[in-house]
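Asker: Just so you know, we're using this note's numbering here: the sequence shown kicks off at 1 and counts up by one.
Before I ask anything, let me first share the structure, which is written out below as structure tokens.
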Amino acid sequence: MSVHVMNHPLVAHKMTILRDKNTSVKDFRELVSEIGMLITYEATRDLPLTTKTIETPICEMNAPTLKGKKFAVVPILRAGLGLVDGVLRMVPSARVGHIGMFRDEETLEPHVYFCKMPKDIADRDILIVDPMLATGGSAVAAVDEMKKRGCKHIKLMVLLAAPEGIQRMQEAHPDVDIFCGALDDHLNEKGYIVPGLGDAGDRIFGTK
Ligand code: PRP
Ligand code: URA
Numbered sequence: 001m002s003v004h005v006m007n008h009p010l011v012a013h014k015m016t017i018l019r020d021k022n023t024s025v026k027d028f029r030e031l032v033s034e035i036g037m038l039i040t041y042e043a044t045r046d047l048p049l050t051t052k053t054i055e056t057p058i059c060e061m062n063a064p065t066l067k068g069k070k071f072a073v074v075p076i077l078r079a080g081l082g083l084v085d086g087v088l089r090m091v092p093s094a095r096v097g098h099i100g101m102f103r104d105e106e107t108l109e110p111h112v113y114f115c116k117m118p119k120d121i122a123d124r125d126i127l128i129v130d131p132m133l134a135t136g137g138s139a140v141a142a143v144d145e146m147k148k149r150g151c152k153h154i155k156l157m158v159l160l161a162a163p164e165g166i167q168r169m170q171e172a173h174p175d176v177d178i179f180c181g182a183l184d185d186h187l188n189e190k191g192y193i194v195p196g197l198g199d200a201g202d203r204i205f206g207t208k
């Protein structure tokens, strides 16, 4: 498994505004989408290309074009929804599957309550999206669900990751590459990422 931490001034700048507790819900939502778009750029670096013949105003050329490989973005509900439009702006033909999950507040373990995927999901390259990789329980369970459905090529995109979550993913799903905006220090006793950005879902949807 490889972990790609975005090392880019635009992402670093936007992440700082995102983390700030005084950032408004509107700005937070927009930043999640923008950073999602920037991480998608990195996560799609290996999409296969083919060529087609076109005519520029100057001459004919054999030009690169995406091979049209099947791709799906899978947000973990609910906070993952905030990242979907950023991915779709980069890959407009992607299909979208949804996994609904809530965490038991005591054990922090996730429970899947909803899973709706495109019919041909097993044939698609999958990008699971969620702003936070904390204990890793949600991401591991989401990958489990996708593998149960026959998916073989899976990547995970998060805004923030904790070392604990990365380690858990590495143990459970060493074949899944992780793309993240930043790697933080540790988890606190409540399972929140430190320094983190708080509860991503509440900040995206304004529920607190
Ligand atoms: C958050 C976040 C992840 C999960 C990460 O969701 O969006 O799904 O926590 O934590 P983990 O790595 O320890 O599993 P939350 O359960 O708060 O639900 P929400 O998206 O509805 O806010
Ligand atoms: N989920 C969140 O929304 N934030 C954290 O810091 C950890 C899990």
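Ideal placement from N, C-alpha and C gives every residue a C-beta, glycine not left out.
So what's Arg168 in DSSP terms, helix, strand or just coil?
Answerer: For the purposes of this step, residue 168 is identified with residue 168 of the sequence shown, where counting begins at 1. Residue state, collapsed to three classes: helix.
Asker: Please report the distance separating the alpha-carbon of Glu42 from that of His8.
Answerer: On the sequence shown, position 42 is the one that residue 42 refers to. On the sequence shown, position 8 is the one that residue 8 refers to. Going from the Cα of Glu42 to the Cα of His8 covers about 11 Å.
Asker: Counting Cβ pairs closer than 8 Å, one from the region 101–121 and one from the region 142–155, do we hit at least three?
Answerer: With a cut-off of 8 Å, the region 142–155 and the region 101–121 count as touching, because enough Cβ pairs lie within range.
Asker: I'd like the span of the alpha helix (DSSP H) that includes Arg217, first residue to last.
Answerer: With the chain covering 1 to 208 only, the question about residue 217 has no answer from this structure.
Asker: Are Leu197 and Arg29 close, meaning C-beta to C-beta below 9 Å?
Answerer: If you number the sequence shown from 1, residue 197 lands on position 197. If you number the sequence shown from 1, residue 29 lands on position 29. For Leu197 and Arg29, no; Cβs fall outside 9 Å.
Asker: Is the region 52–68 in contact with the region 159–179, if contact means three or more CB pairs nearer than 8 Å?
Answerer: Result no; under three Cβ-Cβ pairs closer than 8 Å.
Asker: Could I get the ranges of all uninterrupted beta strand (DSSP E) runs contained in the region 65–150, with 3 residues as the minimum, in chain order?
Answerer: Listed in chain order, they are 71–77, 98–103, 110–116 and 125–129.
Asker: Mind checking Leu66: buried by the 16 CB within 10 Å criterion, or exposed?
Answerer: Residue numbering aside, residue 66 sits at position 66 when the sequence shown is read from its first letter. With fewer than 16 other Cβ atoms within 10 Å, it is exposed.
Asker: Let me know if Gly68 comes out buried or exposed under the rule of 16 or more other beta-carbons within 10 Å of its beta-carbon.
Answerer: By one-based count along the sequence shown, residue 68 stands at place 68. Answer is exposed; the Cβ neighbour count stays below 16.
Asker: In whole angstroms, what is the alpha-carbon distance linking Asn62 and Thr50?
Answerer: Position 62 of the sequence shown, counted from the first residue, corresponds to residue 62. Position 50 of the sequence shown, counted from the first residue, corresponds to residue 50. For Asn62 and Thr50, the distance between alpha carbons rounds to 10 Å.
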